[in-house]
Amino acid sequence: MEIRVAKFGGTSLADSVQIAKVKDIIFSDPSRRYVVPSAPGKSEKYQIKVTDLLYALEDAIEKGEDYTESYDLIYSRFTDIKRDLDLKVDIESELEEVLKNLLDGAGADYAASRGEYLNGLLLADYLGYEFIDAAEVVFFDKRGKYDEKKTEKVLSERLAATERAVIPGFYGSMPNGAIKTFSRGGSDITGAIVAAAARADLYENWTDVSGFYMADPRIVKNAKKVKTVTYRELRELSYMGASVLHEDSIFPVYKYAIPINVRNTNEPSAAGTMITPTIEDYDGPPVTGIAGKKNFTIISIEKNGMNAELGFGRRVLACIEKYGIPFEHMPSSIDSLCVVLEDAKAKDNINDIVDDIHRTCEPDSVEIVRDLALIATVGKRMRSSIGCAATLFGAIAKANINVRMIDQGSSEMNIIIGVKNEDFERTMVAIHDAFANEF
Ligand code: ASP
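First residue of the sequence shown? That's 7 in the working numbering, and the numbers climb one at a time after it.
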């Protein structure tokens, strides 16, 4: 029988009304055997995510401040769900245990993980599924790095012996038994890990949008929906700021080529977006998505004959590495080279970096351009479609926007441009409209 792993995000499980929708979705398809919940998130009634309340609770306890407000809010979120759904699980004792452990110094990761843990207990009771504590099946090594080998072994054996289960997202355990979480939004990663261990046919990621849009719909009104996107395209887009899935949730499923389907709990009839290893039978535009971020600095270096000078690029990068700053991009031509850095990371050291470059590289000139936005236009099909660059730059020229930098990623499925921060939104709209309407 087909196996699906269904991960539900915080808004999908924010309260009893949402959880009832989740049950309908799960029960409408018997292949949804493994369910990975987030902690209750925001809703109209609740303005704060339970995870944030848990961090606040731990912080107050650590500082010796009054923690009762955070604790009471957390307590009522879970006990309200229990009451509304008429559940049996003794969530009150579990909550008391959490508080006791926090007062004993269990720490921030333990605190944050309890949102998923407690929600998992409620959901398992509601569905009649077995509850598997993620601490028993998801592992980190002693340095806190995810232990893929151990997790895959233990989790796949456990799932093979379990017909239907709820496995809470976001956390696992270290060799000494301490709880450790992934980075924020990490339940997406757990979902992918469970899908890989179950060798699932599909990893469903249920959220509050009906899939992925060609551009952020808050910036581009009427942004076109994307039916299919490849893993690699999604990684490029997430890296540049598109935020539908945690960017690390691709790795576990990549290995087994398990497709991910992003779907909307509030609109379960919509097909959502498929994230797949490759795209077949594709007839959409050559551009899959456009994503971008503001606040970058470019260091633009010119020197005649730079390309013939051995070690020039290395010496430039060494000047930046010295200050522990990673670079984002490095477009170059015969006599010039640009290094793109994040404003926030570069701002304290920029003058020292420029001095160092002058000293060690003896360039003809070094120019700094600040307050730039980077926009990536991503599409696997761009490589084989004629006229993409013309459409892209034609649209930007028509909108009267000055391009400060161009970098075609070596993957040839990504063209990155730099524009002034203030032109960011206009540029996104211009590129989106050109590809969404012209192809
Ligand atoms: N609850 C965690 C967070 O808010 C993890 C997740 O929802 O994926 O970041």
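For glycine and all other residues, C-beta sits at the position ideal for the given N, C-alpha and C.
Rounded separation between residue i and residue j - CA only
| i | j | result |
| --- | --- | --- |
| Thr236 | Ala26 | 32 Å |
| Cys344 | Leu91 | 58 Å |
| Leu243 | Asp139 | 33 Å |
| Thr234 | Asp254 | 19 Å |
| Gly415 | Asn272 | 37 Å |
| Glu154 | Glu334 | 28 Å |
| Gln53 | Asp214 | 16 Å |
| Pro265 | Glu169 | 22 Å |
| Tyr219 | Leu251 | 12 Å |
| Tyr260 | Ser371 | 44 Å |
| Glu163 | Asp115 | 26 Å |
| Glu8 | Asp131 | 24 Å |
| Ile97 | Ser82 | 11 Å |
| Leu323 | Ser339 | 16 Å |
| Gly16 | Asp439 | 32 Å |
| Leu101 | Asp222 | 38 Å |
| Phe188 | Pro181 | 16 Å |
| Ser34 | Ala263 | 25 Å |
| Gly295 | Thr383 | 6 Å |
| Ile421 | Ala405 | 18 Å |
| Gly121 | Ser391 | 47 Å |
| Tyr135 | Asp354 | 53 Å |
| Val232 | Ile359 | 42 Å |
| Asn313 | Glu368 | 14 Å |
| Ala401 | Lys328 | 40 Å |
| Ala350 | Val425 | 17 Å |
| Lys106 | Ala184 | 16 Å |
| Asp58 | Val23 | 21 Å |
| Ala229 | Leu378 | 23 Å |
| His301 | Asp147 | A quick correction: the sequence has Asn, not His, at residue 301. For Asn301 and Asp147, the distance between alpha carbons rounds to 35 Å. |
| Ser18 | Thr433 | 33 Å |
| Asn125 | Asn267 | 23 Å |
| Ile256 | Lys159 | 19 Å |
| Ala206 | Phe145 | 20 Å |
| Lys69 | Gly197 | 34 Å |
| Lys156 | Ala166 | 16 Å |
| Ala201 | Ala12 | 9 Å |
| Asn427 | Ala403 | 17 Å |
Sequence-distant residues of its chain with Cβ nearer than 8 Å to residue i (five each side left out)
| i | result |
| --- | --- |
| Glu1 | Within the shown structure, residues of the chain are numbered from 7 to 445, placing residue 1 beyond reach of any answer. |
| Phe4 | No information on residue 4 is available, as it lies outside the stretch 7 to 445 that the chain covers here. |
| Leu109 | Ile67 |
| Asn270 | Trp212, Thr213, Asp214, Val215, Ser216, Gly217, Ala276, Gly278 |
| Pro283 | Thr236, Tyr237, Tyr260, Ala263, Pro265 |
| Gly330 | none |
| Ser342 | Ser306, Ile307, Glu308, Lys309, Met312 |
Same chain, Cβ closer than 6 Å to residue i, neighbours up to 5 away in sequence not counted
| i | result |
| --- | --- |
| Ile31 | Pro274 |
| Leu161 | Val143, Ala203 |
| Leu129 | Pro43, Val172 |
| Tyr123 | Pro174 |
| Val435 | Val226 |
| Cys447 | Examination of residue 447 is not possible in this model, given that the chain is present from 7 through 445 alone. |
| Leu240 | Ile281 |
| Ser306 | Cys344, Glu373 |
| Thr303 | Leu347, Asp349, Ala352, Arg376 |
| Met336 | Val345 |
Residue(s) in a DSSP beta bridge with residue i
| i | result |
| --- | --- |
| Ala12 | Val41, Glu210 |
| Lys61 | First, the amino acid is wrong: residue 61 is Tyr here, not Lys. In DSSP, Tyr61 forms no bridge with anything. |
| Val346 | Ile304, His335 |
| Val235 | Ile281 |
| Glu136 | Ala171 |
| Tyr52 | Looking at the DSSP assignment, Tyr52 forms no beta bridge with any residue, so it has no partner. |
| Phe145 | Ser179 |
| Tyr219 | Lys231 |
| Tyr152 | Phe146 |
Nonlocal neighbours in the same chain, by C-beta distance under 7 Å from residue i, ignoring five residues either side
| i | result |
| --- | --- |
| Ala20 | Pro46, Gly47, Lys48, Ser49, Tyr52 |
| Ala117 | Leu60, Tyr61, Leu63, Glu64, Leu108 |
| Tyr73 | Leu63, Ala66, Ile67 |
| Ser119 | Phe176, Tyr177, Ile185, Thr187 |
| Gly247 | Ala297, Gly298, Lys299 |
| Val28 | Phe14, Ser18, Leu19, Thr271 |
| Ile423 | Ile381, Val409, Met411, Ile412 |
| His364 | Val372 |
Original post:
Quick one: any contact between the segment 133-152 and the segment 174-188, if contact means 3 or more CB pairs under 8 Å?
Top reply: yes
**OP:** Check whether the segment 182-200 touches the segment 36-45, taking contact to mean three or more Cβ pairs, one atom from each stretch, closer than 8 Å.
**Re:** yes
**OP:** Let me know the beta strand (DSSP E) ranges lying completely inside the segment 255-322, each 3 residues or longer, listed in chain order.
**Re:** Under the rule that a run must span 3 or more residues, the beta strand (DSSP E) segments found entirely inside the segment 255-322 read 266-270, 279-282, 295-308.
Original post:
Quick one: complete alpha helix (DSSP H) runs, 4+ long, within the segment 178-212?
Top reply: 193-203
Original post:
Of all the alpha helix (DSSP H) runs that stay within the bounds of the segment 367-444, which reach a length of 4 or more residues?
Top reply: 394-404, 430-444
Subject >> Ordered list of alpha helix (DSSP H) runs contained in the segment 15-39, each at least 4 residues >> reply: With a minimum length of 4 residues, the continuous alpha helix (DSSP H) runs that stay inside the segment 15-39 are 22-33.
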